[in-house]
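Written out below as structure tokens is the structure these notes cover.
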Ligand code: ASP
């Protein structure tokens, strides 16, 4: 096994960090002169690649059947392959993250698109965002009930409108005007997610007899598995992009919107850093997690893996914010820290060999030391 693959496997295992650039480059300070530009033609070629997540949370071997585990791994692999095909063909990071996220949206196993969780009222409300690190253009949508692939609509908001964010009926009117595929809300029904809502409602009822907003209202009281999907990519030109798509949190109500479509919270990309998050959105919004990681890289000259690790495993842990991120910098350094029991995650580099992981302890399983 090459040194790079060993590093990759280690990163997947501990959910912490990995370096795709030669190890010696890992802590090399990033030049500050071309702050808003991708790596110049003369610079060494970046290690292009794609990193994805399918959500963090209470994911352990005890609560994941081997059949489900195999299906999740297959879907993550398919997503990595789709993104890799784009990048290998010289396609953009934006196209790669769109392709990777779309596949996860179409899978019933993740909390986005087809597998979205239910709101308190028994419907599905979808949020998504995408950001182009080179131009800092961004598109975001929230509260969708009929759009099959919210990430595609987020991209159209970015590319075909003067706006950054559209919500609810307005966003769906825009979807119609753009010819985006709309589906009957029944499309989003999955038995698993419906049962998740029933458990959350039951928990809420046993805690709070009142049907008005309970003082201890906690939308995460479903399965404590987040399941949002996301991707970050670095393409052959050195451009970065990030994308995130979600059904939000089980039992959410009153039009609640989480961090995923909030630029700088759950999704962010600039010329040197791209981040997609999953976790308890209210914390990720209040701590502007995605931007905080990239700001540390920019202002403190901190290597990306260190910046991501501090925000997830120190800043968020101290305040009880559960979740994780995937992140890439323009040199191809990757970080995948999470502070939950597990996180669906994976990476593919130039060699086109997808690697996926779920549990915290996968180092041993993968044979890495
Ligand atoms: N972060 C998402 C939200 O709060 C949930 C998730 O990651 O699954 O809406």
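In the working numbering, the protein residues as written are 1382 to 1750. Every residue gets a Cβ at the ideal spot worked out from N, C-alpha and C, and that includes glycine. Predicted model, so just to flag it, every value in this text is computed and none were measured.
- Here residue 1684 is buried: its Cβ has 16 or more other Cβ atoms, across all protein chains shown, within 10 Å.
- Out of 1495, 1511, 1469, 1607, the CA that lies nearest to the CA of residue 1478 is found in 1511.
- Proximity of the stretch 1732-1741 to the stretch 1672-1689 falls short of the contact definition, fewer than three beta-carbon pairs being nearer than 8 angstroms.
- Taken in chain order, the complete beta strand (DSSP E) segments of 3 or more residues contained in the stretch 1486-1545 are 1507-1513, 1519-1525.
- Every alpha helix (DSSP H) of 4 residues or more that sits fully in the stretch 1429-1498 is shown, in chain order, as 1447-1469, 1474-1487.
- Between the ligand ASP and residue 1630, a heavy atom-to-CB distance of less than 6 angstroms is present.
- C-alpha of residue 1533 to C-alpha of residue 1586: approximately 37 angstroms in a straight line.
- Per the C-alpha coordinates, the member of 1523, 1456, 1519 positioned closest to residue 1542 is 1519.
- Here residue 1726 is bridged, per DSSP, to 1434, 1738.
- Under DSSP, the beta-bridge partners assigned to residue 1649 are 1656.
- Taking the Cβ atoms as the reference, residue 1664 lies roughly 19 angstroms from residue 1636, outside the contact range of under 8 angstroms.
- Under DSSP, the beta-bridge partners assigned to residue 1719 are 1705.
- The distance from the Cβ of residue 1718 to that of residue 1693 is about 4 angstroms, consistent with a contact at the 8 angstroms cut-off.
- Here DSSP, grouped into helix, strand and coil, assigns residue 1558 to helix.
- Distance between residue 1465 and residue 1644, taken at the CA atoms: about 25 angstroms.
- Residue 1437 places its beta carbon less than 7 angstroms from that of residue 1659.
- Assigned with DSSP and collapsed to three states, residue 1671 falls in helix.
- In this structure residue 1561 touches residue 1528 by the C-beta definition: roughly 6 angstroms separates them, less than 8 angstroms.
- In this structure, the beta-carbon distance from residue 1613 to residue 1453 does not fall below 7 angstroms.
- In terms of side-chain proximity, the C-beta atom of residue 1640 is found nearer than 6 angstroms to a non-hydrogen atom of the ligand ASP.
- The stretch 1705-1716 makes contact with the stretch 1614-1629: 3 or more CB pairs, one atom from each, lie closer than 8 angstroms.
- In this structure, residue 1515 sits away from residue 1624, with a CB-CB distance that is not shorter than 7 angstroms.
- Residues 1417, 1514, 1517, 1621, 1675, 1679 of the same chain have their beta carbon placed closer than 8 angstroms to that of residue 1651, with the five preceding and five following residues left out of the count.
- In this chain, residue 1582 is not harboured by any beta strand (DSSP E); it is covered by the alpha helix (DSSP H) spanning 1572-1588.
- Burial check for residue 1550: the Cβ neighbour count within 10 Å stays below 16, so the residue is exposed.
- Apart from sequence neighbours up to five positions away, the residues of its chain that approach residue 1639 with a beta-carbon distance below 6 angstroms are 1629, 1662, ordered along the chain.
- Residue 1609 has its Cβ nearer than 6 angstroms to a heavy atom of the ligand ASP.
- Taking each of 1741, 1731, 1682 in turn and checking the Cα distance to residue 1471, the smallest one comes out for 1731.
- Here the C-alpha atom of residue 1463 lies approximately 8 angstroms from the C-alpha atom of residue 1484.
- Judged by the Cβ position, residue 1659 qualifies as a neighbour of the ligand ASP at the 6 angstroms threshold, a heavy atom of the ligand being closer than this.
- Rounded to the nearest whole angstrom, the C-alpha separation of residue 1502 and residue 1428 is 46 angstroms.
- The closest heavy atom of the ligand ASP lies 6 angstroms or more from the beta carbon of residue 1464.
- By the criterion of a C-beta distance shorter than 7 angstroms, residue 1504 is surrounded in its chain by 1526, 1566, once the five residues flanking it on both sides are discounted.
- A distance below 7 angstroms separates the beta carbons of residue 1492 and residue 1609.
- Here the distance from the Cβ of residue 1723 to the nearest heavy atom of the ligand ASP is not below 6 angstroms.
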